[in-house]
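Input: a single structure, listed below in structure tokens.
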Amino acid sequence: MTGDVAILAAGARVPADGRIAENIQLQLEEAALPGESLAVSKTAEILVDREVPLGDRINLVLLGTAVTDGRGEFIVTATGMRTEMGKIGTLIEEVGTRGTPLEAKLAQLGRGLLVVVLVLCAVIVVTGWLRGNSFLY
310 MTGDVAILAA
320 GARVPADGRI
330 AENIQLQLEE
340 AALPGESLAV
350 SKTAEILVDR
360 EVPLGDRINL
370 VLLGTAVTDG
380 RGEFIVTATG
390 MRTEMGKIGT
400 LIEEVGTRGT
410 PLEAKLAQLG
420 RGLLVVVLVL
430 CAVIVVTGWL
440 RGNSFLY
């Protein structure tokens with residue numbers, strides 16, 4: 310829940326996004342989100358710049374990352390779909406509802422082929438009728 314205090318120790322997974330309140334040599338593996346390949350040292354210091362990129366926010370812990378060393382406490386700032394991982398899930402879900410360009414071209418091709426087949430059927434039926442054949446057989 311937002312505002313709760315959670316404790317982190319080496320080997321734990323971060324359960325929510327939050328701001329570090331206290332830490333002792335806290336390091337996290339953040340490859341899942343910002344793409345850092347090495348463990349990142351964290352601090353409880355307040356960042357002055359509010360426009361810091363996600364990977365440079367050394368006073369935040371993010372859902373889905375793992376503690377590799379040290380321990381600390383953090384105050385939960387976001388849970389569920391409000392976390393950075395949740396935002397990514399929402400974006401993926403939105404993209405999944407839109408069709409790809411290939412799907413659009415295939416649908417257009419299918420409609421074109423349907424029109425051609427219907428026109429050919431009409432031509433065959435009219436030609437047979439003009440030759441004196443019945444519509445039914």
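In case it helps, the numbering used here puts the sequence shown at residues 310 to 446. Heads up, the beta-carbon is just placed ideally off N, CA and C, and yes, glycines get one too. Since the structure is predicted, the reported quantities are computational estimates derived from the model, not experimental observations.
Discussion item. Restricting to Cα atoms, I'd like to know which of I367, P362, P410 is closest to L281.
Written reply: In the structure displayed, the chain extends from 310 to 446; residue 281 sits before or after that span and is not available.
Worksheet entry | Per DSSP, cross-strand counterpart(s) of A387 | D326
Practice prompt. Measure the alpha-carbon distance for L369 versus E403 and round it to whole angstroms.
Written response: Going by C-alpha positions, L369 is about 27 Å away from E403.
Fill in: Own chain, CB closer than 8 Å to A319, minus 5 neighbours either side, in chain order
Answer for A319: V376, T377, D378, G379, R380, listed in chain order.
Item to complete: Determine the closest residue to I355 out of L347, V349, D365, with distance taken between C-alpha atoms.
Response: If we check each option's Cα against that of I355, D365 comes out closest.
Discussion item. If I follow the unbroken alpha helix (DSSP H) through A416, where does it start and stop?
Written reply: 410-439
Worksheet item: So what does DSSP say about I401, is it helix, strand or coil?
Response: In the displayed model, I401 falls within a helix according to three-state DSSP.
Fill in: Helix, strand or coil at G364 [DSSP, three-state]
Helix.
Worksheet item: DSSP state of E393, grouped into three classes?
Response: Helix, per DSSP.
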